[in-house]
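K.L.:
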């Protein structure tokens with residue numbers, strides 16, 4: 511009868527529809543995507559060790575420099591005078607040493623002659639007692655001892671002159687070192703990222719840490735960069751030295767794989783993240799410090815496990831549940847044990863079997879035992895989720 515057919519159609523219209531997906535076996539990876547920023551490996555402010563006027567500066571911002579290259583030359587007139595004075599002092603001490611050495615030789619020669627005379631008198635006295643008066647023998651012995659002491663005094667004077675020469679030489683070396691410091695050299699290979707001084711400016715030495723002295727230039731080691739990323743607190747446990755990361759630098763259209771080389775092992779109190787770094791070779795300087803990069807790191811991986819879309823999970827108290835469909839398309843709420851979670855898929859350790867159908871989205875609209883009209887999500891989409899590895 512027509513009215514019975516209309517009643518059946520009305521009841522069919524009352525059955526709500528539900529989007530469902532099928533639990534499937536597959537591989538699952540938890541991938542962390544982060545934005546990182548490139549930084550120079552080292553940044554150094556170059557100060558001179560002496561105060562002077564800028565005579566010449568050889569570099570400007572953007573210039574590549576190499577370790578030991580002369581960046582600037584200072585003019586310090588008083589150092590020239592000091593260096594000349596220490597040179598004169600060295601020459602004077604050399605003359606003093608030469609004179610003292612000659613004095614030693616003269617004293618030794620005099621002592622040898624006097625000692626020989628004393629020995630002859632002593633031997634004659636022993637051979638013929640009474641032949642040489644005792645007074646004469648005593649005088650000869652006294653002269654011998656006196657000449658010997660003069661030799662010792664001359665040697666001491668020569669040693670003092672030698673020490674004075676060493677002191678003068680050390681002082682000359684000190685002033686020469688200060689003179690050498692007027693040529694300011696690069697401490698490392700890098701790029702000049704800022705210049706603070708111009709020709710003729712008075713540059714203060716940077717040896718006093720209590721003064722805010724302005725450097726000559728700032729050099730960044732940009733041939734090797736640090737890529738720094740903040741790892742969220744929940745993912746810190748997955749981070750290890752040597753873990754690979756996929757890096758994409760959109761500004762230059764470049765992708766590469768790097769490895770984690772260090773992390774702080776400390777979670778920032780405010781951001782709840784841990785700073786983690788990769789070292790990136792940049793000899794061609796194609797990457798500029800300050801550029802951003804998008805990174806991906808695989809934190810965990812599971813193979814041949816039961817997976818469902820993350821949207822199918824519903825937290826009920828402290829228990830994870832899913833809304834399944836039985837053979838009559840009625841809602842059955844099941845408790846499940848969840849393993850690895852990705853951004854799109856979740857691993858189910860227990861509570862589901864491959865082939866079970868689960869509701870994805872809007873679970874609060876359904877009740878236990880309610881009949882629904884399933885709209886099955888295409889397997890192509892689920893495979894896409896799994897290929898993206900969460």
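In this note's numbering, the protein residues as written are 511 to 900.
Ideal placement from N, C-alpha and C gives every residue a C-beta, glycine not left out.
Since the structure is predicted, the reported quantities are computational estimates derived from the model, not experimental observations.
Span of the alpha helix (DSSP H) holding residue 669?
P.N.:
It spans 644-690 - the alpha helix (DSSP H) in which residue 669 sits, taken as one unbroken run.
K.L.:
Should residue 550 be labelled buried (16 or more other beta-carbon atoms within 10 Å of its own) or exposed?
P.N.:
That one is buried.
K.L.:
With respect to the alpha helix (DSSP H) encompassing residue 630, which residues constitute its N-terminal and C-terminal limits?
P.N.:
Where residue 630 is concerned, the enclosing alpha helix (DSSP H) stretches over 587-637.
K.L.:
For the putative contact between residue 533 and residue 863, defined by C-beta atoms under 8 Å, what is the C-beta separation to the nearest angstrom?
P.N.:
Contact flag correct, Cβ pair sits at about 7 Å.
K.L.:
With a threshold of 8 Å on Cβ separation, who are the neighbours of residue 746 within its own chain once the five nearest residues in sequence on each side are excluded?
P.N.:
Hits under 8 Å: 777, 784.
K.L.:
Please report the residue range of the beta strand (DSSP E) in which residue 802 lies.
P.N.:
First-last of the beta strand (DSSP E) with residue 802: 802-819.
K.L.:
Skipping 5 residues on each side, what residues in its chain have a beta carbon closer than 7 Å to that of residue 706?
P.N.:
Around residue 706: 724, 725, 726, 727.
K.L.:
Please confirm whether residue 756 and residue 731 have their CB atoms less than 8 Å apart.
P.N.:
Going by C-beta atoms, residue 756 is not nearer than 8 Å to residue 731.
K.L.:
Hey, how far is the Cα of residue 528 from the Cα of residue 544?
P.N.:
Approximately 34 Å, taken between the alpha carbons.
K.L.:
Three-state secondary structure (DSSP) at residue 570?
P.N.:
Correct three-state label for residue 570: coil.
K.L.:
Tell me which residue opens and which closes the beta strand (DSSP E) that residue 537 is part of.
P.N.:
It spans 534-550 - the beta strand (DSSP E) in which residue 537 sits, taken as one unbroken run.
K.L.:
Report back the beta-carbon spacing between residue 661 and residue 621 to the nearest angstrom; my notes put them in contact at under 8 Å.
P.N.:
Sure, about 5 Å apart at Cβ, within 8 Å.
K.L.:
Reducing DSSP to helix, strand and coil, say where residue 882 ends up.
P.N.:
Coil, per DSSP.
K.L.:
Decide yes or no for the touch test of the segment 583-602 against the segment 561-572: beta carbon pairs closer than 8 Å, at least 3 of them.
P.N.:
Yes: at least three Cβ pairs fall under 8 Å.
K.L.:
Using the Cα positions of residue 577 and residue 736, report the straight-line distance between them to the nearest angstrom.
P.N.:
Computed Cα separation, rounded: 20 Å.
K.L.:
Let me make sure I understand the geometry here. Which of 691, 813, 592 has the alpha-carbon closest to that of residue 715?
P.N.:
Checking every option, the nearest Cα to that of residue 715 belongs to 691.
K.L.:
Among 842, 817, 871, 878, which residue has its Cα nearest to the Cα of residue 536?
P.N.:
Measuring from the Cα of residue 536, the nearest candidate turns out to be 817.
K.L.:
For the segment 678-692 and the segment 621-638, state whether three or more C-beta atom pairs, one from each stretch, are separated by less than 8 Å.
P.N.:
Not touching, per the Cβ criterion.
K.L.:
Here's the rule I'm using: 16 or more other beta-carbon atoms within 10 Å means buried, otherwise exposed. How should residue 857 be labelled?
P.N.:
Looking at its Cβ environment, which holds 16 or more other Cβ atoms inside 10 Å, residue 857 is buried.
K.L.:
Using the three-state DSSP reduction, which class does residue 729 fall into: helix, strand or coil?
P.N.:
If DSSP states are grouped into helix, strand and coil, residue 729 belongs with the strands.
K.L.:
Which residue comes first and which comes last in the beta strand (DSSP E) that contains residue 830?
P.N.:
Its beta strand (DSSP E) spans residues 829-835.
K.L.:
If you scan the segment 833-859 from start to end, which runs of the beta strand (DSSP E) of 3 or more residues do you find wholly inside it?
P.N.:
Whole beta strand (DSSP E) segments, 3+ residues: 841-845, 847-851.
K.L.:
Jot down the residue ranges of each uninterrupted beta strand (DSSP E) in the segment 719-790, minimum 3 residues, whole runs only, in chain order.
P.N.:
Those beta strand (DSSP E) runs which fall completely within the segment 719-790 and span 3+ residues are 727-730, 734-742, 754-759, 764-773.
K.L.:
Rounded to a whole number of angstroms, what is the C-alpha to C-alpha distance between residue 580 and residue 855?
P.N.:
Their Cα atoms are separated by approximately 59 Å.
K.L.:
By alpha-carbon positions, which one of 827, 618, 801, 850 ends up nearest to residue 748?
P.N.:
Measuring from the Cα of residue 748, the nearest candidate turns out to be 850.
K.L.:
The ligand NAP and residue 566: does the residue's C-beta get closer than 7 Å to at least one heavy atom of that ligand?
P.N.:
Summarising the ligand content, the structure contains no ligands, and the ligand NAP is consequently not present.
K.L.:
Would you decide whether residue 655 is buried or exposed? Buried here means 16 or more other CB atoms lie within 10 Å of its CB.
P.N.:
So residue 655 ends up on the exposed side.
K.L.:
Over what stretch of residues does the beta strand (DSSP E) that includes residue 870 continue unbroken?
P.N.:
Note, residue 870: premise wrong, no beta strand (DSSP E); not H, not E.
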